[in-house]
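Some notes on the structure that comes next.
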Amino acid sequence: MKTMFLLLKRNPLAVLGIVILFIWIFAAFFGPSFLSYTYTEMDMDHQMSLPGEYNHLLGTDALGRDVFARIIYGSRSILTVALMTSLFSSIAGILIGFTSGYFGGLIDMIFLRIMDIVMAIPPLVLAMVVLGILGDSTIFSLTLIVSIAYTPATARVARGALLSCKGNEYVDAARIRNESHFFIMFVEILPNTIGPVIVEITARFAYSIMMIASLGFLGVGLQPPTPDWGMMVIENKSIIKTASWTVLYPSLAIASLVIAVSLFSDFVSKVMIHEK
Amino acid sequence: MKNRPILEVKNLDVVYKTLTDEIVALKDINLQVGERESLGIIGESGCGKSTLFYAIMGYLPSNGNSTGEIFFKGENLLEKGQKEMMEYRGNRIAMVYQNPYSSLNPSLTIGYQLDEVTMFHRRFSRKEARKVSIQSLTDLHLGDAAGIVHRYPHQISGGMQQRICIAMALLCRPDLLILDEPTTALDVTTEAVILDIIGELKEKYDMSLIYISHDIGVVNKVSDRIAVMYRGEIVEKGSQNTIYQHPDHPYTRALINCMPRSGIVKEEVRLNTIQGYVTRRSAAETGCPYIARCEKKAHDCEKGYGLKENSPHHFSACTRAYAVDVPDRERTALKKVEENYDEEKNILKIENLYKYYGRQGKKIRALDGVTVSLDRNNVLGVVGESGCGKSTMGLTVSGLLKPTKGKLFFDGMDISVSWEKRTPDTLRGIQLIFQNPGRSLNPSFTIETIIGRPMKKLLGIKSKVERRKRIIAILKKVDIGEEYLNRKATHLSGGEMQRVALARAFSISPDLLICDEPTSALDVSVQASVLNLLGDLQQESGAAYIFISHDLNIINYFSDYIMVMYLGRVCEYGRKDEVVGPPYHPYTEALLSAVPDVDPSLKKRTIRLEGSPPNPTKKIGGCPFAGRCHRQIGEICINVPPPRVEFSDTHFVYCHLSKEEMQGISS
Numbered sequence: 000m001k002t003m004f005l006l007l008k009r010n011p012l013a014v015l016g017i018v019i020l021f022i023w024i025f026a027a028f029f030g031p032s033f034l035s036y037t038y039t040e041m042d043m044d045h046q047m048s049l050p051g052e053y054n055h056l057l058g059t060d061a062l063g064r065d066v067f068a069r070i071i072y073g074s075r076s077i078l079t080v081a082l083m084t085s086l087f088s089s090i091a092g093i094l095i096g097f098t099s100g101y102f103g104g105l106i107d108m109i110f111l112r113i114m115d116i117v118m119a120i121p122p123l124v125l126a127m128v129v130l131g132i133l134g135d136s137t138i139f140s141l142t143l144i145v146s147i148a149y150t151p152a153t154a155r156v157a158r159g160a161l162l163s164c165k166g167n168e169y170v171d172a173a174r175i176r177n178e179s180h181f182f183i184m185f186v187e188i189l190p191n192t193i194g195p196v197i198v199e200i201t202a203r204f205a206y207s208i209m210m211i212a213s214l215g216f217l218g219v220g221l222q223p224p225t226p227d228w229g230m231m232v233i234e235n236k237s238i239i240k241t242a243s244w245t246v247l248y249p250s251l252a253i254a255s256l257v258i259a260v261s262l263f264s265d266f267v268s269k270v271m272i273h274e275k
Numbered sequence: 000m001k002n003r004p005i006l007e008v009k010n011l012d013v014v015y016k017t018l019t020d021e022i023v024a025l026k027d028i029n030l031q032v033g034e035r036e037s038l039g040i041i042g043e044s045g046c047g048k049s050t051l052f053y054a055i056m057g058y059l060p061s062n063g064n065s066t067g068e069i070f071f072k073g074e075n076l077l078e079k080g081q082k083e084m085m086e087y088r089g090n091r092i093a094m095v096y097q098n099p100y101s102s103l104n105p106s107l108t109i110g111y112q113l114d115e116v117t118m119f120h121r122r123f124s125r126k127e128a129r130k131v132s133i134q135s136l137t138d139l140h141l142g143d144a145a146g147i148v149h150r151y152p153h154q155i156s157g158g159m160q161q162r163i164c165i166a167m168a169l170l171c172r173p174d175l176l177i178l179d180e181p182t183t184a185l186d187v188t189t190e191a192v193i194l195d196i197i198g199e200l201k202e203k204y205d206m207s208l209i210y211i212s213h214d215i216g217v218v219n220k221v222s223d224r225i226a227v228m229y230r231g232e233i234v235e236k237g238s239q240n241t242i243y244q245h246p247d248h249p250y251t252r253a254l255i256n257c258m259p260r261s262g263i264v265k266e267e268v269r270l271n272t273i274q275g276y277v278t279r280r281s282a283a284e285t286g287c288p289y290i291a292r293c294e295k296k297a298h299d300c301e302k303g304y305g306l307k308e309n310s311p312h313h314f315s316a317c318t319r320a321y322a323v324d325v326p327d328r329e330r331t332a333l334k335k336v337e338e339n340y341d342e343e344k345n346i347l348k349i350e351n352l353y354k355y356y357g358r359q360g361k362k363i364r365a366l367d368g369v370t371v372s373l374d375r376n377n378v379l380g381v382v383g384e385s386g387c388g389k390s391t392m393g394l395t396v397s398g399l400l401k402p403t404k405g406k407l408f409f410d411g412m413d414i415s416v417s418w419e420k421r422t423p424d425t426l427r428g429i430q431l432i433f434q435n436p437g438r439s440l441n442p443s444f445t446i447e448t449i450i451g452r453p454m455k456k457l458l459g460i461k462s463k464v465e466r467r468k469r470i471i472a473i474l475k476k477v478d479i480g481e482e483y484l485n486r487k488a489t490h491l492s493g494g495e496m497q498r499v500a501l502a503r504a505f506s507i508s509p510d511l512l513i514c515d516e517p518t519s520a521l522d523v524s525v526q527a528s529v530l531n532l533l534g535d536l537q538q539e540s541g542a543a544y545i546f547i548s549h550d551l552n553i554i555n556y557f558s559d560y561i562m563v564m565y566l567g568r569v570c571e572y573g574r575k576d577e578v579v580g581p582p583y584h585p586y587t588e589a590l591l592s593a594v595p596d597v598d599p600s601l602k603k604r605t606i607r608l609e610g611s612p613p614n615p616t617k618k619i620g621g622c623p624f625a626g627r628c629h630r631q632i633g634e635i636c637i638n639v640p641p642p643r644v645e646f647s648d649t650h651f652v653y654c655h656l657s658k659e660e661m662q663g664i665s666s
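Chains as they are written, first to last, in numbering that gives the first Met the number 0: chain A, 0 to 275; chain B, 0 to 666.
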């Protein structure tokens with residue numbers, strides 16, 4: 000705990016990242032109860048009003064919807080999907096990567112080739128195609144597809160972490176007392192690989208946010224009227240010259256969250272190195 | 000000091016700043032190295048030996064801060080900038096590191112790397128540089144120097160790599176050569192050759208030498224004077240003989256006494272131990288650095304004695320080594336001899352065991368027909384150079400490897416299969432102790448889980464309370480307190496970890512314990528206590544041991560029977576007194592001659608074994624040792640497998656020499 004504090008003191012950027020991240024999490028949880036508008040409410044009298052005017056903190060869009068409210072509500076969906084995605088892709092990644100690395104040989108070969116195939120397709124293209132076929136995106140389908148797209152990378156990290164531990168003699172010691180493969184993989188080895196895996200999960204979190212926002216921008220993200228940051232950018236693209244705030248603030252929201260998570264992730268990896 | 004000093008270190012302190020505190024790595028170091036003099040520095044790991052050498056070279060990491068003065072030929076090196084230091088490093092002061100493989104660039108030819116040195120420092124052309132490089136390799140007795148320059152580091156053996164590192168260090172004819180544990184990673188026969196060469200070159204080139212090592216025996220071979228370091232301080236320095244014969248400091252004395260020297264056996268002597276282990280030193284600490292582990296401490300030790308010249312040229316930070324108010328520990332036998340022959344029951348029989356690695360066509364013959372048997376309550380010492388198959392044998396018996404051919408019998412039961420097919424009782428009966436305790440204990444488990452798990456799995460003890468009771472009892476036996484139960488293995492010292500590993504093995508009362516180099520990752524002071532513990536545990540349990548080691552002194556100290564292996568085959572087997580005395584197999588003779596001795600007055604003739612063991616993928620018709628053997632008698636050695644020559648019921652040698660010839664070899 001003391002070293003954590005000292006490390007934070009040395010890394011002001013990490014502190015900044017953590018603060019921004021907490022603000023967003025707080026906003027997602029409690030933000031809506033402080034708002035005077037909902038995300039669908041249209042202020043028909045004040046369309047495209049300037050930030051600060053008529054009680055609209057960040058102005059309104061072409062339909063008179065409050066930009067601030069839509070951003071706050073949007074943080075809910077993006078954080079939920081990104082969190083679930085990094086969780087699912089890491090669980091799947093650990094399962095696949097561990098099985099592949101632990102047994103080696105043919106199993107390893109087959110798993111690795113499947114991973115290669117998934118990785119060969121750009122994740123955005125993969126998601127667009129699948130979501131396009133599935134029709135309207137829901138939180139569930141969005142999570143599923145982003146998880147699938149990111150599982151191979153996590154699996155590779157998990158496999159590498161397992162391989163670096165597998166040669167240790169405590170694994171041999173476990174073998175010759177007849178432990179099951181499951182026990183060796185998940186009780187003996189997993190806790191010792193947690194460092195790189197956690198770093199991977201946090202880094203994956205930042206990627207997921209980017210990808211969800213991109214999908215929204217491309218129109219295959221969450222469907223209206225659910226507010227989605229990426230979608231907000233594209234919806235208002237046509238009025239960017241007259242009402243730039245409608246594009247600027249959602250973009251800033253995306254950028255600040257991604258940067259915050261990245262800074263946090265860098266800090267996690269520093270802590271993990273220090274733990275060693 | 001007979002010569003003008005070339006290097007003078009005055010009041011050198013080195014402090015490392017870490018995130019949470021400051022660690023004192025060196026404290027008030029004063030030492031001198033004269034021209035043509037060689038200084039040996041000994042001490043356990045963590046005593047600042049390497050830090051001293053980094054400080055001299057200006058190689059300290061950015062959080063290391065050195066104060067004091069280091070004069071090299073009258074110039075203070077600590078005042079020099081990085082650029083000025085280039086003039087010294089590798090040019091006037093050269094160094095050789097422990098691991099030659101990581102000091103050489105794997106993607107450049109050896110010649111290229113050697114040439115760079117003189118091209119940079121002496122501005123030689125490539126052609127001139129190459130000439131000097133080849134000359135330097137020839138000085139190191141590397142045959143075919145002109146051929147070696149075209150090879151890459153991975154194409155030659157470790158011993159040759161280290162010789163190339165030394166050749167590289169000598170290219171610019173440095174005034175001072177610093178060697179940091181240069182032979183620790185090498186086999187004992189290779190080490191002997193390198194130590195010989197170092198001594199020879201020192202004379203030839205008129206240079207000074209600093210030799211850093213943890214092994215007093217090795218340092219004795221090459222140094223005129225010795226400095227003993229402990230926790231960042233020099234606690235004693237003097238000439239080689241004085242240090243050995245009249246150590247003034249209790250640490251020096253304990254260090255000498257805790258090493259199994261040649262001729263010491265467990266039936267007669269229990270090794271001295273030093274309690275505790277080397278700890279980090281904080282900036283606030285004053286007084287004697289050894290106080291916490293010292294058996295001879297007196298009430299005024301907290302003040303610290305300071306390094307004083309107690310007799311001419313012999314400095315020491317204490318004079319209580321022979322203090323009479325605290326008696327020396329009694330020297331008792333580790334093993335009672337008479338009980339030895341009770342219940343002689345066979346526990347393990349290995350019959351014609353073969354183990355090949357790799358696929359058809361490129362098989363590595365790790366074990367090539369080994370037959371041996373072992374009785375309860377006995378220790379079989381297995382010795383040989385790296386790659387001789389001794390570890391493979393241990394792993395095959397333990398079940399981690401499946402034998403290619405041949406039979407293994409454990410307590411009369413056929414166990415020639417790998418672990419999956421063995422019964423729980425066999426798995427319980429054969430336990431394995433690994434070389435590196437840090438890797439054999441899971442770092443994320445508590446000590447309780449580590450020891451309790453085999454009990455649950457192999458003894459079927461379901462009750463947690465019952466397990467805990469037994470764990471505490473076994474921990475007490477290995478001298479580890481109950482408070483360790485919930486600690487993780489990573490928070491333990493190396494010696495403590497190896498004790499926990501022993502506790503884990505003995506918690507399920509094994510009948511056979513395989514110890515694969517159990518002490519070679521440990522410091523000498525800790526090694527002694529682990530060996531004593533192993534002896535005590537055997538006395539109590541009557542288990543048989545297979546004790547694998549590269550160190551003949553330890554094997555001779557600890558074993559009842561010794562098996563000498565070479566390239567997967569047995570060269571010699573017998574009771575230990577039969578093996579370490581003549582008649583010998585020529586390989587045993589060479590191994591024995593190569594062992595560095597702690598006592599500098601014992602000057603032995605060293606047999607230089609040139610080259611390295613032959614390629615294990617080739618089938619060998621005759622004697623595997625024929626190519627390097629100094630007693631080879633001709634074609635017969637290369638083409639005909641050596642016959643088994645029996646000297647007694649228990650002692651046999653595989654060699655073409657006649658009985659009489661072998662008996663003629665004197666020790």
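C-beta atoms are modelled at their ideal positions from N, C-alpha and C, and glycine is treated no differently. These numbers come from a predicted model, not from an experiment.
Counterpart residues of residue i in DSSP-defined beta bridges
i, result
"Ser136 of chain A", "A:Leu221"
"Thr445 of chain B", "B:Lys487"
"Gly573 of chain B", "B:Ile561"
"Cys514 of chain B", "B:Ile432, B:Phe546"
"Met41 of chain A", "A:Arg64"
Alpha carbon of residue i to alpha carbon of residue j, nearest angstrom
i, j, result
"Arg467 of chain B", "Val477 of chain B", "15 Å"
"Asp367 of chain B", "Leu51 of chain B", "46 Å"
"Val578 of chain B", "Glu571 of chain B", "7 Å"
"Met562 of chain B", "Leu141 of chain B", "31 Å"
"Tyr243 of chain B", "Asp598 of chain B", "7 Å"
"Val260 of chain A", "Ala126 of chain A", "22 Å"
"Gly89 of chain B", "Leu175 of chain B", "10 Å"
"Pro423 of chain B", "Leu458 of chain B", "8 Å"
"Leu208 of chain B", "Ile5 of chain B", "10 Å"
"Leu49 of chain A", "Val246 of chain A", "13 Å"
"Ala119 of chain A", "Met392 of chain B", "46 Å"
"Asn54 of chain B", "Phe70 of chain B", "The sequence shown places Ala at residue 54 of chain B, rather than the Asn named in the question. C-alpha separation (whole angstroms): 12 Å."
Given residue i as reference, the closest of the options once Cα atoms are compared
i, options, result
"Ile40 of chain B", "B:Lys354, B:Tyr565, B:Val264, B:Ser222", "B:Ser222"
"Ala520 of chain B", "B:Asp12, B:Lys236, B:His213", "B:His213"
"Pro595 of chain B", "B:Met258, B:Pro99, B:Arg122, B:Thr66", "B:Met258"
"Leu745 of chain B", "B:Gly405, B:Ala593, B:Gly198, B:Tyr556", "Here chain B comprises residues numbered 0 to 666, so residue 745 of chain B is not present and cannot be evaluated."
"Gly96 of chain A", "A:Asp115, A:Ile19, A:Val80", "A:Asp115"
"Ser310 of chain B", "B:Leu194, B:Arg358, B:Ala500, B:Glu235", "B:Glu235"
Outcome for residue i when other beta-carbon atoms lying within 10 angstroms are tallied against a minimum of 16
i, result
"Phe444 of chain B", "buried"
"Gln526 of chain B", "buried"
"Val66 of chain A", "buried"
"Ser99 of chain A", "buried"
"Ile479 of chain B", "buried"
"Gln134 of chain B", "exposed"
"Gly494 of chain B", "buried"
Exercise for review: Please list the residues of the stretch 444-456 of chain B that have a C-beta atom closer than 9 Å to any C-beta atom in chain A, keeping them in chain order.
Suggested key: Phe444, Ile449, Arg452, Pro453, Lys456
**Item:** Contact list for the stretch 99-122 of chain A against chain B, Cβ threshold 7 Å
**Value:** none
Give the residues from the stretch 151-174 of chain A that approach chain B closer than 7 Å (Cβ to any Cβ), ordered along the chain. Asn167, Glu168, Tyr169, Asp171, Ala172, Arg174
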